[in-house]
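Okay, so here's the structure we're looking at.
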Amino acid sequence: MIKSPLRYPGGKSRAVDLIATLLPKFDEFREPFLGGGSVFLNVKQRFPNKIYWVNDLYFELFKFWQISQSNVDELIKKIYEWRKIFTVGKDLHKFLNENMQDFNDLERAAAFFIFNRITFSGTSLSGGFSEAAFKGRFTESSIQRLVNFAKLLNNVKITNYDYQELVEADGENV
73 MIKSPLRYPG
83 GKSRAVDLIA
93 TLLPKFDEFR
103 EPFLGGGSVF
113 LNVKQRFPNK
123 IYWVNDLYFE
133 LFKFWQISQS
143 NVDELIKKIY
153 EWRKIFTVGK
163 DLHKFLNENM
173 QDFNDLERAA
183 AFFIFNRITF
193 SGTSLSGGFS
203 EAAFKGRFTE
213 SSIQRLVNFA
223 KLLNNVKITN
233 YDYQELVEAD
243 GENV
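One rule links them: number in my numbering = place in the sequence shown (from 1) + 72.
This is the structure in structure tokens:
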């Protein structure tokens, strides 16, 4: 089973198998607080032919999911580009922090992923830089996992709305 490429505070990766057994029968799965997406990814693999709508209000996280879906090859290319330029982790962290507001959507998505891999808690901008995380979590395999992860996002609606829009939207057997 493909797991989330993200470390996420409050993530459900350890409880996902139990959570999946508690789901009622459904035709459409909506995740209003996507975060790291562990539950969604698990459910999508168990029930690949259902309708999926995932959402998160955190813009950089939303961009990571959206760009992973629409342009994972360019996302990976940008991550590798910065990884090659910045061989010192603190320099990469500083560069991303200082330039985040000026980045385009692709760069924001790449920066989010990198922050997630190189900070203590994986909470991107609020997490302090960790040399151990830079060396141990920002790896070739962590980047390459994005390829298979992105395949799971085909035909998934990904939005950046307030959660109420998903909860209140019309739907059958949601």
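Don't be surprised by glycine CBs; every beta carbon is placed ideally from N, CA and C. Treat the numbers as computed from the prediction; the structure is a model and nothing was measured.
Best match in the options for proximity to residue i [C-alpha to C-alpha]
{"i": "Trp154", "options": "His165, Asp145, Lys75", "result": "His165"}
{"i": "Lys167", "options": "Pro81, Phe187, Leu90", "result": "Before going further, note that residue 167 is Phe rather than Lys in the sequence given. Phe167 has its Cα closest to that of Phe187, out of Pro81, Phe187, Leu90."}
{"i": "Tyr124", "options": "Ser214, Asp234, Ile230, Ser85", "result": "Ile230"}
{"i": "Pro81", "options": "Leu225, Val246, Gly109, Ser213", "result": "Gly109"}
{"i": "Val160", "options": "Phe206, Leu238, Ser214", "result": "Phe206"}
{"i": "Asp252", "options": "Gln216, Glu103, Asn121", "result": "Since the first residue shown for the chain is 73 and the last is 246, residue 252 is missing from the structure and cannot be characterised."}
{"i": "Leu78", "options": "Phe210, Asp242, Glu240, Tyr235", "result": "Phe210"}
{"i": "Ser213", "options": "Asp89, Asn176, Ala87, Tyr152", "result": "Tyr152"}
{"i": "Phe221", "options": "Ser140, Asp163, Val228, Asn169", "result": "Ser140"}
{"i": "Leu240", "options": "Glu103, Ser76, Leu178", "result": "Reading off the sequence, residue 240 comes out as Glu, not Leu. Nearest C-alpha to Glu240: Glu103."}
Nonlocal neighbours in the same chain, by C-beta distance under 6 Å from residue i, ignoring five residues either side
{"i": "Asp174", "result": "none"}
{"i": "Gln138", "result": "Ile230"}
Same chain, Cβ closer than 8 Å to residue i, neighbours up to 5 away in sequence not counted
{"i": "Leu224", "result": "Ile74, Leu113, Lys116, Gln117"}
{"i": "Gln245", "result": "Here the sequence assigns Asn to residue 245, which means Gln is not the residue at that position. Taken in chain order, the residues that qualify are Lys97, Phe98, Asp99, Glu100."}
{"i": "Ile190", "result": "Gly161, Leu164, His165, Phe201, Ser202, Ala205, Phe206, Arg209, Phe210"}
Pair within 8 Å by beta-carbon distance, residue i and residue j
{"i": "Asp128", "j": "Leu147", "result": "no"}
{"i": "Ala181", "j": "Met172", "result": "no"}
{"i": "Asn232", "j": "Phe134", "result": "yes"}
{"i": "Asn143", "j": "Leu178", "result": "yes"}
Buried/exposed call for residue i, threshold 16 Cβ in 10 Å
{"i": "Phe136", "result": "buried"}
{"i": "Lys149", "result": "exposed"}
{"i": "Glu132", "result": "buried"}
{"i": "Leu238", "result": "buried"}
{"i": "Glu170", "result": "exposed"}
Chain-order list of residues whose beta-carbon lies under 7 Å from that of residue i (same chain, five-residue window excluded)
{"i": "Ile91", "result": "Lys84, Val111"}
{"i": "Lys122", "result": "Phe98, Asp99, Glu100, Phe101"}
{"i": "Val228", "result": "Tyr124, Val126, Gln141"}
{"i": "Leu218", "result": "Pro77, Ser140, Val144, Leu147, Ile148"}
- Residue ranges of each alpha helix (DSSP H) within the segment 84-141, 4 or longer: Taking only runs of at least 4 residues, the alpha helix (DSSP H) segments lying wholly in the segment 84-141 are 88-93, 110-118.
- Message: Suppose only complete runs of 4+ residues qualify. What are the alpha helix (DSSP H) ranges in the segment 178-246, listed by chain order?
- Response: 203-208, 212-223, 235-240
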